[in-house]
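Just below is one structure, and these are the notes that go with it.
Residue numbers (the UniProt record's numbering): 1 to 420.
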């Protein structure tokens, strides 16, 4: 047995959403053997076959996402569980699914640059998978082209082979992109919205949200993004206080506050989401009641809590790195509808805060319409004091952390205090 790692494996690394430079692409190409007819694949091995199976699973999932509107995270898990793939090959298939989905628009721009005719939907799905491997994932050209062609119907193999070989021979650094949104693989409206609210920092935020999320765990083992932990700290819950987490699923902020000794109540409108909170509460062995309750009509007496946290439903445009397909689902009208719901929830939450109490509003989006554009609730003033923890920047009457500030989800938070 050779002690040299499989070429497909060594060239593959977690991508950053940026095309490989000329040196990186040359290194990938050199793992194949040149002949008069081009770069050839190594002699087939069980490892090659396993990687082919992983690509097949990825393609099946991509078709479900693209053609049926399926959610990537809901489809991929069961398909991997039903496969005979090793853990290593499951990770490879997972990256192909999430990466190809995330970089869909950029892949399409490259396909359209080199295809001499518009591909049908089935062919485009296969080409996206191949282009993603070639341009963004660092898979050697011989493996990416040959294995992708093997997934293709006989009648389209010649076309797919020709397009992918043109891409493999092209330095994408020379690509003329229709726009920054196309280059970074976002819908035009998302790039425009972030440019309007973030200015010159929008490109850095979009680039960062193309990178895989980091994994952060609290001392109790609960996995939670650091920016969400900072929001929980900003409530400044204290022992003996009564705290409501109004839209609490999956329960990270509620369980974090419960560790302070405060009496925390967690609520969520949907039963299955409340069940998820209860599951996490039980796993952490906390005394924390969980209720199914509609935040627009909360079942609590007015002014009965020392603090209310409203981590409101939002567009998620600050946490797109966590959901590869979210950028293709959300529409501009969704933001408007969510802003209306948030305003209703803010009014309801304010009514539950007692005299001198605190109301903390947070969203994992970077759109002003969902955050600082909301009116301060009647009887409240903005608390201007700096939050106790985190890399927050002042943003109008609130605080903001951008994805590239500290490798976290993007978040906006506003803290209010009842004065009458």
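Ideal placement from N, C-alpha and C gives every residue a C-beta, glycine not left out.
### Task
Can you tell me the Cβ-Cβ gap for residue 267 and residue 244, rounded? I've got them flagged as a contact below 8 Å.
Indexing the chain shown from 1 puts residue 267 at position 267. Indexing the chain shown from 1 puts residue 244 at position 244. So it is a contact: roughly 7 Å between Cβ atoms.
### Message
So, does the stretch 352-367 touch the stretch 301-308, judging by three or more C-beta pairs under 8 Å?
### Response
yes
### Query
Considering only residues of the stretch 254-321, which uninterrupted beta strand (DSSP E) runs meet the minimum length of 3 residues and lie entirely inside it, listed in chain order?
263-268, 290-292 and 305-311
#### Entry: For residue 220 and residue 72, the rounded distance between their alpha carbons
Here residue 72 refers to the residue found at position 72 when the chain shown is read from its first residue. Here residue 220 refers to the residue found at position 220 when the chain shown is read from its first residue. Their Cα atoms are separated by approximately 29 Å.
### Message
According to DSSP, is residue 245 part of a helix, a strand, or is it coil?
### Response
Along the chain shown, read from residue 1 onward, the residue named residue 245 stands at position 245. Three-state result, residue 245: strand.
### Query
Of all Cβ atoms in chain C, is any one closer than 9 Å to the Cβ of residue 219?
No chain C appears in this structure, which consists of one protein chain only.
### Task
Spell out the partners DSSP gives residue 416 in its beta bridges.
To locate residue 416, count along the chain shown from 1; it is residue 416. DSSP lists 359 and 382 as partners of residue 416.
#### Entry: Residue environment, residue 224, which counts as buried when at least 16 other CB atoms sit within 10 Å
Here residue 224 is taken as the residue at index 224 of the chain shown, counted from 1. Buried, because 16 or more other Cβ atoms sit within 10 Å of the Cβ of residue 224.
### Query
Around the C-beta of residue 74, are 16 or more other C-beta atoms found within 10 angstroms, so that it is buried, or is it exposed?
On the chain shown, residue 74 is found 74 positions in, with the first residue counted as 1. Residue 74 is exposed by the Cβ-count criterion.
### Query
Any idea if residue 119 is buried or exposed, counting beta-carbon neighbours within 10 angstroms, 16 or more meaning buried?
Working through the chain shown from its first residue, we reach residue 119 at position 119. Under this definition residue 119 is a buried residue.
### Task
For residue 372, name the three-state secondary structure that DSSP assigns.
Counting from 1 along the chain shown, the entry for residue 372 is found at position 372. The answer is coil: DSSP assigns residue 372 none of H, G, I, E or B.
### Message
Let me check one thing: in DSSP terms, what residues is residue 399 bridge-paired to?
### Response
Counting from 1 along the chain shown, the entry for residue 399 is found at position 399. According to DSSP, which records beta bridges pairwise, residue 399 is partnered with 394 and 413.
### Query
If we ignore side chains and look at the alpha-carbon of each, how far apart do residue 69 and residue 189 end up?
Translated into the one-based positions of the chain shown, residue 69 becomes position 69. Translated into the one-based positions of the chain shown, residue 189 becomes position 189. Taking the straight line joining both Cα atoms gives about 20 Å.
### Query
Name the DSSP beta bridge partners of residue 217, please?
On the chain shown, residue 217 is found 217 positions in, with the first residue counted as 1. According to DSSP, residue 217 bridges with 223.
### Task
Under the assumption that residue 50 contacts residue 85 (Cβ atoms under 8 Å), give the Cβ distance between them as a whole number of angstroms.
Here the question's residue 50 lines up with position 50 in the chain shown. Here the question's residue 85 lines up with position 85 in the chain shown. Contact flag correct, Cβ pair sits at about 7 Å.
### Task
State the start and end residues of the unbroken alpha helix (DSSP H) segment that holds residue 136.
What you label residue 136 is simply residue 136 of the chain shown in a count that begins at 1. Where residue 136 is concerned, there is no enclosing alpha helix (DSSP H), given that its DSSP letter is neither H nor E.
### Query
Looking only at its own chain, which residues have a Cβ that is under 7 Å from the Cβ of residue 376, when we skip the five neighbours before and after it?
Here the question's residue 376 lines up with position 376 in the chain shown. Cβ within range, chain order: 382 and 416.
### Query
Around the C-beta of residue 262, are 16 or more other C-beta atoms found within 10 angstroms, so that it is buried, or is it exposed?
Counting from one through the chain shown, the residue named residue 262 turns up at place 262. Residue 262 comes out buried.
### Query
Which stretch, first to last residue, makes up the alpha helix (DSSP H) that contains residue 107?
Working through the chain shown from its first residue, we reach residue 107 at position 107. Taken as a continuous stretch (DSSP letters only), the alpha helix (DSSP H) holding residue 107 covers 104-114.
### Message
Contact defined as beta carbons within less than 8 Å: I believe residue 143 pairs with residue 241. What is the distance between those atoms, to the nearest angstrom?
### Response
Taking the chain shown and counting its residues from 1, the one referred to as residue 143 is at position 143. Taking the chain shown and counting its residues from 1, the one referred to as residue 241 is at position 241. Not really, about 58 Å apart at Cβ, beyond 8 Å.
### Task
Report yes if the C-beta distance between residue 214 and residue 408 is below 9 Å; otherwise report no.
Along the chain shown, one-based indexing puts residue 214 at 214. Along the chain shown, one-based indexing puts residue 408 at 408. Result yes, Cβ atoms of residue 214 and residue 408 sit closer than 9 Å.
#### Entry: Spatial neighbours of residue 338 in its chain, beta-carbon cut-off 7 Å, leaving aside the 5 residues before and after
Taking the first residue of the chain shown as position 1, residue 338 is located at position 338. These residues qualify, in order along the chain: 313, 314, 315 and 370.
### Query
Given 8 Å as the limit, is there contact between the stretch 169-179 and the stretch 192-202, that is, 3 or more CB pairs closer than that?
no
### Query
Which partner residues does residue 353 have in the DSSP bridge list?
Here residue 353 refers to the residue found at position 353 when the chain shown is read from its first residue. Looking at the DSSP assignment, residue 353 forms a beta bridge with 305.
### Task
Spell out a yes or no on whether the stretch 361-370 and the stretch 315-330 are touching, meaning 3 or more CB-CB pairs, one atom from each, closer than 8 Å.
yes
### Task
Would you kindly check if the distance between the Cβ of residue 274 and the Cβ of residue 290 is under 9 Å?
As a position in the chain shown, residue 290 is number 290, starting the count at 1. As a position in the chain shown, residue 274 is number 274, starting the count at 1. The answer is yes: Cβ separation under 9 Å.
### Message
For residue 404 and residue 208, I'd like the C-alpha separation in whole angstroms.
### Response
The count along the chain shown starts at 1 and reaches residue 404 at position 404. The count along the chain shown starts at 1 and reaches residue 208 at position 208. Distance between the alpha carbons of residue 404 and residue 208 is about 6 Å.
### Query
Alpha carbon to alpha carbon, what distance is there between residue 101 and residue 129?
In the chain shown, counting from the first residue as 1, residue 129 sits at position 129. In the chain shown, counting from the first residue as 1, residue 101 sits at position 101. Straight-line Cα distance between these residues: approximately 9 Å.
### Query
Looking only at C-alpha atoms, which of 82, 80, 158 and 151 sits nearest to residue 116?
Here residue 116 refers to the residue found at position 116 of the chain shown. Out of 82, 80, 158 and 151, 158 has the C-alpha closest to the C-alpha of residue 116.
### Query
Excluding five sequence neighbours on each side, which residues of the same chain lie with their C-beta closer than 8 Å to the C-beta of residue 105?
Here residue 105 refers to the residue found at position 105 of the chain shown. Excluding positions up to five away in sequence, the list reads 181, 182, 185, 186 and 187.
### Message
Does residue 94 come out as helix, strand or coil in the three-state DSSP assignment?
### Response
For this step, residue 94 is matched to residue 94 along the chain shown. Helix.
### Task
Let me know if residue 34 comes out buried or exposed under the rule of 16 or more other beta-carbons within 10 Å of its beta-carbon.
Looking up residue 34 in the chain shown gives position 34. Residue placement at residue 34 is flagged as unreliable, the pLDDT there being 36, under the threshold of 50; a coordinate-derived value is accordingly withheld.
### Task
Below 8 Å on the Cβ atoms is my guess for residue 390 versus residue 402; work out the distance and round it to an integer in Å.
The count along the chain shown starts at 1 and reaches residue 390 at position 390. The count along the chain shown starts at 1 and reaches residue 402 at position 402. No, residue 390 and residue 402 are not in contact; Cβ-Cβ is about 12 Å, not under 8 Å.
### residue 270 versus residue 249 - alpha carbon distance
As a position in the chain shown, residue 270 is number 270, starting the count at 1. As a position in the chain shown, residue 249 is number 249, starting the count at 1. Rounded to whole angstroms, residue 270 to residue 249 spans 9 Å at the Cα level.
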